[in-house]
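**Student:**
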Amino acid sequence: MPENNEIKTEPIIETDNRLLSIPAGVSGEFKFPDGFLWGTSTSSYQIEGGIKNDWSEWEASEKRKKYLESKKLKNEDYSCGPACNFWNHYSNDFDLAENLGTNSIRFGIEWARIETENDVWDVEAVKKYREIMEQAHIRGFKIVLTIWHWTNPTWFAAEGGWSGKNAVMYFERFSAFVVKEFGGYVDYWVTLNEPMVHVANGYLSGKFPPNRHNIFKARKAFNNLVKGHKRAYKKIHLLFPEAKVGITGLINDFEPALKFGPFNILLVKLFHYFWNHRFLKRIRKYMDYVGLDYYFHDRVICVPPFRKNKNERVTDMGWEIYPKGIYNVLKYLRRFKKPIIVMENGLADAQDKYRAAFIKEHLYWVHQAIQDGIDVRGYFHWSLLDNFEWAAGFEPKFGLYSVDRKTFERKIKPSALTYKRICEENRLTL
Ligand code: BGC
Numbered sequence: 458m459p460e461n462n463e464i465k466t467e468p469i470i471e472t473d474n475r476l477l478s479i480p481a482g483v484s485g486e487f488k489f490p491d492g493f494l495w496g497t498s499t500s501s502y503q504i505e506g507g508i509k510n511d512w513s514e515w516e517a518s519e520k521r522k523k524y525l526e527s528k529k530l531k532n533e534d535y536s537c538g539p540a541c542n543f544w545n546h547y548s549n550d551f552d553l554a555e556n557l558g559t560n561s562i563r564f565g566i567e568w569a570r571i572e573t574e575n576d577v578w579d580v581e582a583v584k585k586y587r588e589i590m591e592q593a594h595i596r597g598f599k600i601v602l603t604i605w606h607w608t609n610p611t612w613f614a615a616e617g618g619w620s621g622k623n624a625v626m627y628f629e630r631f632s633a634f635v636v637k638e639f640g641g642y643v644d645y646w647v648t649l650n651e652p653m654v655h656v657a658n659g660y661l662s663g664k665f666p667p668n669r670h671n672i673f674k675a676r677k678a679f680n681n682l683v684k685g686h687k688r689a690y691k692k693i694h695l696l697f698p699e700a701k702v703g704i705t706g707l708i709n710d711f712e713p714a715l716k717f718g719p720f721n722i723l724l725v726k727l728f729h730y731f732w733n734h735r736f737l738k739r740i741r742k743y744m745d746y747v748g749l750d751y752y753f754h755d756r757v758i759c760v761p762p763f764r765k766n767k768n769e770r771v772t773d774m775g776w777e778i779y780p781k782g783i784y785n786v787l788k789y790l791r792r793f794k795k796p797i798i799v800m801e802n803g804l805a806d807a808q809d810k811y812r813a814a815f816i817k818e819h820l821y822w823v824h825q826a827i828q829d830g831i832d833v834r835g836y837f838h839w840s841l842l843d844n845f846e847w848a849a850g851f852e853p854k855f856g857l858y859s860v861d862r863k864t865f866e867r868k869i870k871p872s873a874l875t876y877k878r879i880c881e882e883n884r885l886t887l
């Protein structure tokens, strides 16, 4: 593990350390349960680099190029390309994660690398992933492995992607392969990352590949994702009966802008049901834990865009910073009667202005949830590195470490030291 002084540090620019969501007068030490998982999260496509899949294909498409040109945006800023070159830097990156005092790590594998064509398996890629897992393992990390994080092999996409007729069988076969090859390394499985985001962005808004606007295809993809998860769940348990398998859900904290507005309340119920609840309800018997990704609080209004937040503080993505929301969604997730792991929580903040306060405040509310008897077992910050933020390209900076886009040099951000202290002490001090 490198000593802290070997890692270059980003300079402190201007920070806002106000803990606005924490009640006045609250201070002290907030200890987390023994064995709490402290980690960072990444995904394969966003960090590895050099991947050819349905996303890279979409990035190279004429339609996409024209769109970027029309907005005067540079293709290279919006195409993943070498990403963070994690494929060649993984060992160093695990050192960086270790330096944060984290005891766990979440990363993904890329289906397109492993199954290059329908039923054609790349031995070299498997070998490399095994090396990656070995490196994480020897550092003592608990490994959380994501099997699918929105991206597909091109052959799978050509057959209709998740709305295709063989989608479930293909995913089941891939999952069976993965569990056979890597199962011994994995402590927690995420079969699917935020399936609702893929359905909404891929099949309704068209922001993500396959860029469709088709509610019937969306429905099909939704059902196939549900089935795909269940089949993968069974395959994993067949080989590893004690495995802990789940998905991550992007769970939003919806609240009515008008407390007594009947339409507001109705809309909140609808959004909550379709966005947060429906998928989890369908797989509730096939989850060993609930994986929570928390980013959004939505004060719902009755007219488009159906959200009007107070926005006292916003991230570089324009997303409201609303730490208490994590407590609210944890309260909702309690009904599944399963351990909960915060698999993602973070912000785009190029100046590193709010990140330290953001982490403290969210963890304060996670701690409150634990005090209320909610079984939260871990917290993974999104993300270890500044990485490729999908349709928004490389501009948003979610990392605890920055990454130089040309040299790939990593530097630790000041806020990462706040996280480090919490992880090392297993305690938040306010
Ligand atoms: C996704 C990540 C993404 C992050 C920030 C999550 O919903 O799983 O891939 O980078 O949000 O937008």
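The C-terminal position of the sequence shown is numbered 887 in our numbering, with every residue numbered one higher than the one before it.
The beta carbon of each residue, even a glycine, is placed where N, CA and C say it ideally should be.
Given the structure is predicted, the values throughout are model-derived calculations rather than measurements.
When the distance is taken between beta carbons, is His838 closer than 8 Å to Gly782?
**Tutor:** Result no, Cβ atoms of Gly782 and His838 do not sit closer than 8 Å.
**Student:** Just checking Val918 against the ligand BGC - is the residue's beta carbon closer than 7 Å to any of the ligand's heavy atoms?
**Tutor:** Within the shown structure, residues of the chain are numbered from 458 to 887, placing residue 918 beyond reach of any answer.
**Student:** How about Tyr586: is its Cβ closer than 7 Å to a heavy atom in the ligand BGC?
**Tutor:** Checking every heavy atom of the ligand BGC against the Cβ of Tyr586, none is found closer than 7 Å.
**Student:** Closer than 7 Å to a non-hydrogen atom of the ligand BGC - does that hold for the CB of Phe855?
**Tutor:** Yes, since a heavy atom of the ligand BGC falls inside the 7 Å radius drawn around the Cβ of Phe855.
**Student:** Note down, in chain order, each residue of its chain lying with its Cβ closer than 6 Å to the Cβ of Gly565, except the 5 sequence neighbours on either side.
**Tutor:** Here the set comprises Ser500, Ser501, Thr603 and His606.
**Student:** What is the C-beta distance between Arg884 and Phe489, in whole angstroms, given that I count them as a contact (C-beta under 8 Å)?
**Tutor:** The pair is a contact, with the Cβ atoms about 7 Å apart (cut-off 8 Å).
**Student:** So is the beta-carbon of Tyr921 under 7 Å away from any non-hydrogen atom of the ligand BGC?
**Tutor:** Residue coverage of the chain in this structure runs from 458 to 887, which leaves residue 921 outside it and unanswerable.
**Student:** Please return the same chain residues whose Cβ sits closer than 6 Å to the Cβ of Pro796, not counting the five positions on each side in sequence.
**Tutor:** Same-chain partners within the cutoff: Tyr746, Asp832 and Arg834.
**Student:** Is the closest heavy atom of the ligand BGC to the C-beta of His606 under 7 Å?
**Tutor:** Flag set: Cβ of His606 near the ligand BGC.
**Student:** So does Glu463 have its beta carbon nearer than 7 Å to some heavy atom of the ligand BGC?
**Tutor:** Result no, Cβ not under 7 Å from the ligand BGC.
**Student:** Considering only residues of the same chain and omitting the five flanking positions on each side of Pro480, which have a CB-CB separation below 7 Å?
**Tutor:** No residues qualify anywhere along the chain.
**Student:** Give me, in chain order, the residues of the same chain whose beta-carbon lies closer than 6 Å to that of Asn681; leave out the 5 immediate sequence neighbours on both sides.
**Tutor:** The answer, listed in chain order, is Trp619, Ala624 and Val625.
**Student:** Using alpha carbons as the reference points, say which of Ile708, Tyr752, Gly496 and Lys465 lies closest to Trp732.
**Tutor:** If we check each option's Cα against that of Trp732, Ile708 comes out closest.
**Student:** Between the region 640 to 653 and the region 698 to 707, do at least 3 Cβ pairs fall closer than 8 Å?
**Tutor:** Yes: the two stretches touch, three or more of their Cβ pairs being nearer than 8 Å.
**Student:** Determine the DSSP secondary structure at Leu857, reduced to helix, strand or coil.
**Tutor:** Coil.
**Student:** Can you tell me where the beta strand (DSSP E) holding Glu467 begins and where it ends?
**Tutor:** Note, Glu467: premise wrong, no beta strand (DSSP E); not H, not E.
**Student:** Return the chain-ordered list of same chain residues with a C-beta closer than 6 Å to the C-beta of Phe697, the five sequence neighbours on each side being excluded.
**Tutor:** So the list reads Gly640, once near-sequence residues are dropped.
**Student:** Are the CB atoms of Pro666 and Thr847 within a distance shorter than 8 Å?
**Tutor:** Strictly speaking, residue 847 in this sequence is Trp, with Thr absent from that position. For Trp847 and Pro666, no; Cβs fall outside 8 Å.
**Student:** Going by C-alpha distance, which of Pro871, Pro719, Leu661 and Lys684 is nearest Lys674?
**Tutor:** Per the Cα distances, Leu661.
**Student:** Within the region 771 to 838, note down every full beta strand (DSSP E) run reaching 3 residues or more, in order along the chain.
**Tutor:** The region 771 to 838 contains these whole beta strand (DSSP E) runs: 797 to 801.
**Student:** Report whether the distance from the Cβ of Ser500 to the nearest heavy atom of the ligand BGC is below 7 Å.
**Tutor:** Yes - the ligand BGC has a heavy atom lying nearer than 7 Å to the Cβ of Ser500.
**Student:** Are the CB atoms of Glu467 and Ile869 within a distance shorter than 8 Å?
**Tutor:** Yes, the Cβ-Cβ distance between Ile869 and Glu467 is below 8 Å.
**Student:** Taking the alpha-carbon of Ala657 as reference, which of Glu591, Phe728 and Trp646 has the nearest alpha-carbon?
**Tutor:** Among Glu591, Phe728 and Trp646, the Cα nearest to that of Ala657 belongs to Phe728.
**Student:** Taking 8 Å as the threshold (C-beta atoms), are Phe711 and Asp755 in contact?
**Tutor:** Yes; because the gap between Cβ atoms is below 8 Å, this pair is in contact.
**Student:** Who pairs with Arg884 in a beta bridge, going by DSSP?
**Tutor:** Answer is Lys488.
**Student:** When the distance is taken between beta carbons, is Arg862 closer than 8 Å to Phe851?
**Tutor:** Result yes, Cβ atoms of Phe851 and Arg862 sit closer than 8 Å.
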